[in-house]
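Note sheet for the following structure.
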Amino acid sequence: MQKDIKRLSLILLFAPFALWITLLILLPHIGMVVLSLREKVAPRVYEYGFANYIEFFNEPIYWNTLIRTGSMSLLVTVLALIIGFPIAYYIAKIAGPRLRGALFLLCLIPLWVSDLIRAFGWILLLRETGVISSFLQWLGILSGPIEMLYNDVAVIIGLVYTVILFMIVPLASTLDGMDNSMIEAGYNLGGRGITVLRRIIIPYAMPGIASGCIIVFMLTAGSYLTPILLGGKNSSWFTEQIYDQFITRYNWESGAAFGMLLLAFTSIVVWLGLKLTGQTLANTVTKT
Amino acid sequence: MLIQGNKNDKMLWGYRAYVAAFFIFLAAPLLSAATFAFNDSLFPALPWQGFTLNWFFGDTEPKLGMFYDRRLLSGLYYSFIIAVMVSLLTVFIGTCNAFLFVRKDFPGKNFFYILMIVPLVIPGVILGISILVLASSAANGLENQFNFELELLRPGIFLVILGQISFTATITSLVIAAKLKKFDITMEEAALNLGASTNRVLWTVTLPFLRSAMIAAGIVAFLVSFENFNTTLFLVGSESPLTITMFDRVHKVGSTPVLNAVSFFLMIGSGLLALLSIFVQRDKSARN
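Sequence lines, in order, name chains Z and V. Residue 1171 is where the first sequence starts when you use the numbering used here, and the numbers rise one by one after that. Residue 18 is where the second sequence starts when you use the numbering used here, and the numbers rise one by one after that.
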């Protein structure tokens, strides 16, 4: 009797999980794989094969876009780490306890505002009639308005801005757990600032660095809004290609193939990141 | 400390200046998006033309305020409905998952736990198209086989809700499971020893303990849903939520300060909700 009740409660608890994962994650992805392997040869006649993938590799525009998206995402990840690490260190180790809480909260505020509003804010700052351009003219540095929008630099600024919090939060929480005496010991043993940073602080912060980098890379490679709004027509981001295939050309078969390629690409990078740093997925995600 | 001693005072000041500059960088786009909501001009740009509340309450063109703009209001309404549904359903799924993974033992538990986390590392665009593909092929199948049109499976509010649940459920599960792990199981045993039924213990001891985490998870889910763009983009039908409506305006029509007014409104709203979620959690943990 007791055993039956236990089993029943297990089944009841498992049901929502199973429904969610099966209907919203597993089946949709299987459906996408099947669709990506299908090719329309005549109206209502389909053949199965790798034609959609072959088309991707035969058309330089497509794979160039994926490579471009990947390398720019990598650049954004590195920049976010370099810019964010000192901030995380300041929050965790240098600020006093009260300031620490306040800074941490300040860091989280932009997180609660949508990507759209953040990108919109950057548009108002960077465009030809924008705040920065007007300000520089007012100062007399510029003689006429300049357009700072619709180029790669604007896209990178916007992306770093959007994702940097996902770098700072895991870094700060990892560094927060580090004992100050470890750093002091490093100095007492005669290490200089750089040595202490390289030999003690960075190795300790490695789990935080890994989870920050993985989340940031994934978010950047999968982002759509920021590259489109700040990069304009020439942003050529891979998610834009997927949107184009799905919505504009209504070519779902090759859109699904592109989607699978993006998923495979980000998964491989995430997997490599985990392997190289010796982290597990569960630890990585729960940090943020 | 990384920076120590009097001779390094200058360096410390430099470091502080860097931290300050970083927070200005964080605040700048948000401030520019918010400030121009009050500029009495037809364009969200300098020069400053004087203070106005017309972009909120103006009822005549061309300065039609957000509270009289029918499309923005209906976007706000749909976003609200979607976010409420997503947050209720994901808190339910999250609570079940928390009990499942914290309290129960079953074969393959680690595998299922990883499966639960995976949705967070799938790009949102992919979740959107995969659910679109599955729902459409299901709808097409029904139509061809039984000549039965199931409107629900075509792009629209229902699919948007499903798409957002697919990854938001992971977030709520993690938040609620973290709280349940802290629960002292002897409290349940004491209640059972005092003669309470399992059901009664659940409703009077365990769930009240979890309440703060459930509310916080619900608020987070509400905000994530409200701000979501990538997944929603592919699943949206004729009833556009606010982010999609705003994106169309920013991208195609060009911006007027009414978008700044909406941004300001959303910043205040999500800021208050985020504070509420922090307050709910802190209040409880102080008492425990």
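We put the CB at the ideal spot given by N, CA and C, even for glycine. Keep in mind that this is a model prediction, so the values were computed, not measured.
Identified DSSP bridge partners for residue i
| i | result |
| --- | --- |
| A1212 of chain Z | Z:V1215 |
| L81 of chain V | V:D76 |
| N56 of chain V | V:F68 |
Contact belief for residue i with residue j at Cβ below 8 Å, rounded distance in angstroms
| i | j | result |
| --- | --- | --- |
| I193 of chain V | A115 of chain V | 4 Å |
| Y1331 of chain Z | R1288 of chain Z | 6 Å |
| L1451 of chain Z | T1390 of chain Z | Not a contact, Cβ separation roughly 19 Å. |
| W65 of chain V | V275 of chain V | 18 Å between Cβ atoms; not a contact. |
| M1337 of chain Z | G1254 of chain Z | 4 Å |
| F147 of chain V | M1388 of chain Z | Phe is not the amino acid found at residue 147 of chain V; the sequence shown has Ser there. About 16 Å separates the two Cβ atoms, so there is no contact after all. |
| F1184 of chain Z | L117 of chain V | 6 Å |
| P140 of chain V | G1392 of chain Z | 3 Å |
| D76 of chain V | F68 of chain V | With 8 Å as the limit, D76 of chain V and F68 of chain V do not qualify as a contact, their Cβ atoms being about 18 Å apart. |
Proximal residues to residue i (C-beta, below 6 Å), its chain only, five neighbours per side dropped
| i | result |
| --- | --- |
| G1356 of chain Z | V1366, I1370 |
| A1342 of chain Z | A1258, I1261, A1262 |
| R304 of chain V | Any answer about R304 of chain V is weak, because its pLDDT of 42 lies below 50 and its placement is not dependable; what the coordinates show is given next. Counting only Cβ-Cβ distances below 6 Å, and skipping sequence neighbours, we find nothing. |
| F200 of chain V | F226 |
| W1407 of chain Z | T1239, P1397 |
| M1430 of chain Z | S1206 |
| N245 of chain V | Q181 |
| N1222 of chain Z | S1206, E1423, S1424, A1427 |
| L1295 of chain Z | V1301, I1302 |
| D1322 of chain Z | none |
Same chain, Cβ closer than 7 Å to residue i, five either side skipped, listed in chain order
| i | result |
| --- | --- |
| I20 of chain V | With a pLDDT of 48 at I20 of chain V, under the threshold of 50, the modelled position of this residue cannot be trusted, and the question is left open. |
| K301 of chain V | Confidence in K301 of chain V is poor, its pLDDT being 49 and thus under 50, which makes the residue's placement too unreliable to answer from. |
| A1375 of chain Z | L1341, T1344, L1345 |
| K1210 of chain Z | Y1216, E1423 |
| K196 of chain V | L227, A230 |
| Q1411 of chain Z | Y1232, T1235, F1428 |
Where residue i falls: helix, strand or coil (DSSP)
| i | result |
| --- | --- |
| P124 of chain V | coil |
| D1414 of chain Z | helix |
| F246 of chain V | coil |
| T273 of chain V | coil |
| L1207 of chain Z | coil |
| F184 of chain V | helix |
| P1267 of chain Z | helix |
| L1319 of chain Z | coil |
| E256 of chain V | coil |
| P46 of chain V | helix |
| W220 of chain V | helix |
| R1419 of chain Z | coil |
| N1407 of chain Z | What sits at residue 1407 of chain Z in the sequence shown is Trp, not Asn. DSSP places W1407 of chain Z in coil when its eight states are reduced to three. |
| G1136 of chain Z | Because chain Z in this structure spans residues 1171 to 1458, residue 1136 of chain Z falls outside the shown range and cannot be described. |
| D26 of chain V | helix |
| A213 of chain V | coil |
| F282 of chain V | helix |
| F1220 of chain Z | coil |
| F264 of chain V | helix |
| F200 of chain V | coil |
| P1256 of chain Z | helix |
| E1229 of chain Z | coil |
| P225 of chain V | helix |
| P312 of chain V | No statement about residue 312 of chain V is possible, as the shown extent of chain V runs from 18 to 305 and does not include it. |
Contact set for residue i: own chain, Cβ-Cβ below 8 Å, skip 5 residues either direction
| i | result |
| --- | --- |
| F1227 of chain Z | W1233 |
| L1312 of chain Z | S1303, L1306 |
| I174 of chain V | Y95, I98, I99, G254, E256 |
| L1178 of chain Z | none |
| A1188 of chain Z | none |
| F53 of chain V | P61, A62, P274, N277 |
beta-carbon residue i near the ligand ATP non-hydrogen atom, thresh 7 Å
| i | result |
| --- | --- |
| N1222 of chain Z | Because no ligand of any kind appears in the structure shown, any question about the ligand ATP cannot be addressed here. |
Within-8 Å CB hit, residue i to chain A
| i | result |
| --- | --- |
| A278 of chain V | Of the chains in the structure shown, none is chain A; the protein chains are Z and V. |
Task: Ordered list of alpha helix (DSSP H) runs contained in the region 1276-1317 of chain Z, each at least 4 residues - done: Along the region 1276-1317 of chain Z, the alpha helix (DSSP H) occurs as fully enclosed runs of 4 or more residues at 1285-1296, 1301-1309, listed in sequence order.
- [ ] Within the region 1346-1396 of chain Z, note down every full alpha helix (DSSP H) run reaching 4 residues or more, in order along the chain.
- [x] Counting only runs of 4 or more, we get 1350-1358, 1363-1366, 1372-1391.
TODO: Please go through the region 1175-1207 of chain Z and give each complete alpha helix (DSSP H) segment of 4 or more residues, from N-terminal end onward.
DONE: Here the runs fully enclosed are 1197-1206.
- [ ] List in chain order: all unbroken alpha helix (DSSP H) runs of 4+ residues lying wholly within the region 99-181 of chain V.
- [x] Qualifying alpha helix (DSSP H) stretches, in chain order: 126-134, 141-163.
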